[in-house]
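Enquirer: Pasting in a structure now, in structure tokens, and then I'll have a few things to ask.
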Amino acid sequence: MRFQDAARDARAVVYAGIQADPLVARAAELLADATHGQRILARAVMNGESSDPDAWRTMFPTLFDAALGDVDQRPASDAILAAALAVADRGEQVRSQVRGALVEELTARLLARRVGATAVRRERRILFDGVRAEIHPYDVTVERDAAPEAYDCKWGARGINADVLYQLDDARTHAADEDERLSVGLVVFDATRSCQVRLDAQTAPHEGTSIVTLEGLDRLAEPAR
Amino acid sequence: MVETLQPVLARALEAYARLAELGEAIEDEWSYVNDLADAWRDRLSDVADARGPEPVPEAVGRAVDRAVGEITLIDDPHRAIDWLSTFPQVVLLAVGEAP
């Protein structure tokens, strides 16, 4: 089993520009340290229609109302709101790409806290002896001899589909065929309940795939239990 | 007069039903839309059953009504499906529940 850079086709070049957008890095940095409630705020604003920050502050009293929330978290909530509004302001098509890139960047940053930044790579293919290579690269990989990992990332539960589940499970089983243990996971910036509903309707194998949802993102940064 | 949680969540559920109807326009996602809506409706209803008579701060009622206002702005069925997951999370957080 070995990792390889994905081909730099036209799609990859365009998407690399999105990934390199400073707004993606800023939002990911904020969300890496965010509470669950702040991550819901980011999801709502980046999905939302309203551009008035006060409308969102009204919607999230536990983040912005001193009587109901933790005032110490208020500056972070304001910063997340500002970044999320900047993403939402990009227009429908671009915001969709930025949201996808953001989940990848957030995943990479959280993983780096556990394994170190040098082990975390982006947009990588995984090659196995005698197996035709998948064209689509994995969004984030952890590349180290002892415990390699591969992740795909989705903004919402609706992004969970047969293709991504098969691709992750195929990588895991091909690695096992080579007596390697490859951990695979799908990171979804959405609630566990929504992901479970989506998964319940899937026949593609996913028992060996770890599903990391909005509630459990910090697990990416923590040692395996 | 202090409002209780029951009518606040009833307004949320009513708006949520309209959102689900909009999402159903995507035929390929009809089952997902309905399963998703059922799952979150059950969660919101459980909270209403357990805490319905509880008085809520004005800010909480305003928060849920503002969230209802946000989803009434949606006219795109794909966006509606996004919000079928997002809206209940916003409402539950506002009323002090974990999604």
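As they're listed, the protein sequences go chains A and B.
As numbered in this note's numbering, the first sequence has no gaps in its residue numbers, which increase by one up to the final residue, 330.
As numbered in this note's numbering, the second sequence has no gaps in its residue numbers, which increase by one up to the final residue, 886.
A virtual CB, placed ideally from N, CA and C, is assigned to each residue, including glycine.
Is Trp817 (chain B) close to chain A? Criterion is C-beta to C-beta, closer than 8 Å.
Expert: For Trp817 (chain B), the answer is no, since every Cβ of chain A falls outside 8 Å of its Cβ.
Enquirer: Given this structure, state the Cα-to-Cα distance separating Ser180 (chain A) from Leu173 (chain A), to the nearest angstrom.
Expert: What sits at residue 180 (chain A) in the sequence shown is Pro, not Ser. Cα-Cα distance, rounded: 15 Å.
Enquirer: Report yes if the C-beta distance between Gly839 (chain B) and Gln793 (chain B) is below 8 Å; otherwise report no.
Expert: Result yes, Cβ atoms of Gly839 (chain B) and Gln793 (chain B) sit closer than 8 Å.
Enquirer: Of all Cβ atoms in chain A, is any one closer than 8 Å to the Cβ of Asp822 (chain B)?
Expert: It does; some Cβ of chain A falls within 8 Å.
Enquirer: Per DSSP, what kind of secondary structure is Asp863 (chain B) in: helix, strand or coil?
Expert: DSSP places Asp863 (chain B) in coil when its eight states are reduced to three.
Enquirer: Let me know if Trp817 (chain B) comes out buried or exposed under the rule of 16 or more other beta-carbons within 10 Å of its beta-carbon.
Expert: With fewer than 16 Cβ atoms within 10 Å of its Cβ, Trp817 (chain B) is classed as exposed.
Enquirer: Spell out the partners DSSP gives Tyr256 (chain A) in its beta bridges.
Expert: BP columns for Tyr256 (chain A) point to A:Val245, A:Gly290.
Enquirer: In chain B, which residues lie less than 9 Å from Pro158 (chain A) when you measure between Cβ atoms?
Expert: Ordered by position in chain B, no residue passes the 9 Å Cβ test against Pro158 (chain A), which lies about 12 Å from the chain.
Enquirer: Name the chain B residues whose beta carbon is nearer than 9 Å to that of Ser155 (chain A)?
Expert: Correct list: Arg853, Gly856, Glu857, Leu860.
Enquirer: Below 7 Å on C-beta distance, what does Gln876 (chain B) contact in chain A?
Expert: In chain order: Ile145, Ala296.
Enquirer: Using beta-carbon positions only, say whether Ser288 (chain A) and Glu312 (chain A) come within less than 8 Å of one another.
Expert: In this structure, Glu312 (chain A) does not lie closer than 8 Å to Ser288 (chain A) by Cβ.
Enquirer: In the DSSP assignment, what are the bridge partners of Gln109 (chain A)?
Expert: Gln109 (chain A) pairs with A:Arg230.
Enquirer: With 16 as the cutoff for other CB atoms within 10 Å, does Pro127 (chain A) come out buried or exposed?
Expert: Classification for Pro127 (chain A): exposed.
Enquirer: Quick one: complete alpha helix (DSSP H) runs, 4+ long, within the region 793–871 of chain B?
Expert: The region 793–871 of chain B contains these whole alpha helix (DSSP H) runs: 817–838, 845–859.
Enquirer: Could you have a look at Ile316 (chain A) and say whether DSSP puts it in helix, strand or coil?
Expert: Three-state DSSP puts Ile316 (chain A) in a strand.
Enquirer: Return the CA-CA distance between Leu146 (chain A) and Val118 (chain A), expressed in angstroms with no decimal places.
Expert: About 30 Å.
Enquirer: Are Val292 (chain A) and Thr212 (chain A) closer than 8 Å when you measure CB to CB?
Expert: Cβ atoms of Val292 (chain A) and Thr212 (chain A): closer than 8 Å.
Enquirer: Start and end of the alpha helix (DSSP H) containing Gly122 (chain A)?
Expert: Segment 115–124, the alpha helix (DSSP H) holding Gly122 (chain A).
Enquirer: DSSP three-state label for Thr791 (chain B), please.
Expert: Here Thr791 (chain B) sits in strand by DSSP.
Enquirer: If Arg144 (chain A) sits next to Leu319 (chain A), beta carbons under 8 Å apart, how far is it from one beta carbon to the other, in whole angstroms?
Expert: Indeed they touch by this definition, with Cβ atoms about 6 Å apart.
Enquirer: Specify, as a first and last residue, the run of the alpha helix (DSSP H) that Ala187 (chain A) falls within.
Expert: 179–193 is the extent of the alpha helix (DSSP H) around Ala187 (chain A).
Enquirer: Say whether chain A places a C-beta atom closer than 8 Å to the C-beta of Arg798 (chain B).
Expert: No, Arg798 (chain B) does not count as interfacial toward chain A.
Enquirer: Tell whether a beta-carbon distance below 8 Å holds between Arg798 (chain B) and Val851 (chain B).
Expert: Contact flag set, yes.
Enquirer: Does the separation of the CB atoms of Arg200 (chain A) and Ala189 (chain A) fall below 8 Å?
Expert: Not a contact, by the Cβ cut-off of 8 Å.
Enquirer: Measuring CA to CA, which of A:Gly261, A:Asp282, A:Arg113 is closest to Leu304 (chain A)?
Expert: Selected option, being the one with the closest Cα: A:Gly261.
Enquirer: On the DSSP letters alone, give me the boundaries of the alpha helix (DSSP H) that Thr223 (chain A) sits inside.
Expert: Here Thr223 (chain A) belongs to no alpha helix (DSSP H), and DSSP marks it neither H nor E.
Enquirer: Got a sec: is the Cβ-Cβ distance from Asn266 (chain A) to anything in chain B below 8 Å?
Expert: Not closer than 8 Å to any Cβ of chain B, the Cβ of Asn266 (chain A) fails to qualify, so no.
Enquirer: Going by other Cβ atoms of all chains shown within 10 Å of its Cβ, with 16 needed for buried, is Leu796 (chain B) buried or exposed?
Expert: Leu796 (chain B) comes out buried.
Enquirer: Would you call Ala804 (chain B) buried or exposed, if buried means 16 or more other Cβ atoms sit within 10 Å of its Cβ?
Expert: Exposed, because fewer than 16 other Cβ atoms sit within 10 Å of the Cβ of Ala804 (chain B).
Enquirer: Do Leu215 (chain A) and Leu135 (chain A) have their C-beta atoms within less than 8 Å of each other?
Expert: Result no, Cβ atoms of Leu215 (chain A) and Leu135 (chain A) do not sit closer than 8 Å.
Enquirer: If we cut at 8 Å on Cβ distances, does Gly235 (chain A) have a partner in chain B?
Expert: It does not; no Cβ of chain B falls within 8 Å.
Enquirer: I'd like the list of long-range same chain contacts for Ala132 (chain A), defined as Cβ closer than 6 Å, with 5 residues on each side in sequence excluded.
Expert: Excluding residues within five positions, the ones whose Cβ falls inside 6 Å are Ala188, Leu207.
Enquirer: From the beta carbon of Arg116 (chain A), is the nearest beta carbon of chain B less than 8 Å away?
Expert: Output row for Arg116 (chain A): interface = no.
Enquirer: Please state the DSSP three-state secondary structure of Glu327 (chain A).
Expert: Reduced to three states, the DSSP call for Glu327 (chain A) is coil.
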